[in-house]
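Under my numbering, the sequence shown is numbered contiguously, ending at residue 201.
The beta-carbon is built from N, C-alpha and C at its ideal position, and this holds for glycine as well.
Okay, so here's the structure we're looking at.
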Amino acid sequence: MPTYAFISPKGGVGKTTSSLIFATQLAKRGVGVSIIDADPNYPIQKWATGGYCPENVHVISNITENNIALNIREAAAIDPIVIVDLEGTAAKIVIHALQEA
Ligand SMILES: Nc1ncnc2c1ncn2[C@@H]1O[C@H](COP(=O)(O)OP(=O)(O)OP(=O)(O)O)[C@@H](O)[C@H]1O
Ligand SMILES: [Mg+2]
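Here you go:
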């Protein structure tokens with residue numbers, strides 16, 4: 101099933117905002133969504149603990165460049181849509197996410 105990765109080496113361009121809007125709009129329409137929170141600052145995880153996370157949005161954190169591919173595949177086996185929010189850097193983890201998407 102589709103995996104959408106929000107990628108840009110520049111910070112503050114809207115990757116996390118876009119990830120959250122996309123996920124919550126899909127969830128509103130009844131679609132199960134996994135969000136892979138691949139930013140070490142955990143912005144999506146923090147949002148989810150604020151009580152705004154719909155039941156059918158699953159946030160997966162503790163992501164590293166060594167486990168991101170497996171986490172994306174495991175999420176894709178459960179939910180029809182997987183969204184990956186990445187940190188605003190040009191790091192190797194981005195290549196793994198891009199490869200899975
Ligand atoms: N809670 C907030 N209140 C006001 N502005 C915000 C808030 N969160 C983010 N912004 C602003 O919205 C814009 C997009 O932020 P966002 O966090 O979505 O970007 P990003 O691409 O995910 O950044 P990063 O590369 O740091 O992860 C930025 O200009 C940011 O300063
Ligand atoms: Mg972000």
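Residue D185 holds the alpha-carbon nearest to the alpha-carbon of P143 among T189, I168 and D185. For S134, the closest of A175, T149, E200 and T189 by C-alpha to C-alpha distance is A175. Under a 10 Å Cβ-count criterion, L126 is classified as buried, with 16 or more other Cβ atoms of the shown protein chains found around its own Cβ. Taking a C-beta distance under 9 Å as the contact criterion, N171 and I136 qualify as a contact pair. The alpha-carbon of A190 is positioned some 5 Å away from that of P109. With a 10 Å radius around the Cβ and a threshold of 16 neighbouring Cβ atoms, E155 comes out exposed. In terms of side-chain proximity, the C-beta atom of F122 is found no nearer than 8 Å to any non-hydrogen atom of ligand 1. Distance check between E200 and each of D179, A169 and C153 places A169 closest, using alpha-carbon atoms only.
Taking each of Q145, L120 and T164 in turn and checking the Cα distance to I195, the smallest one comes out for T164.
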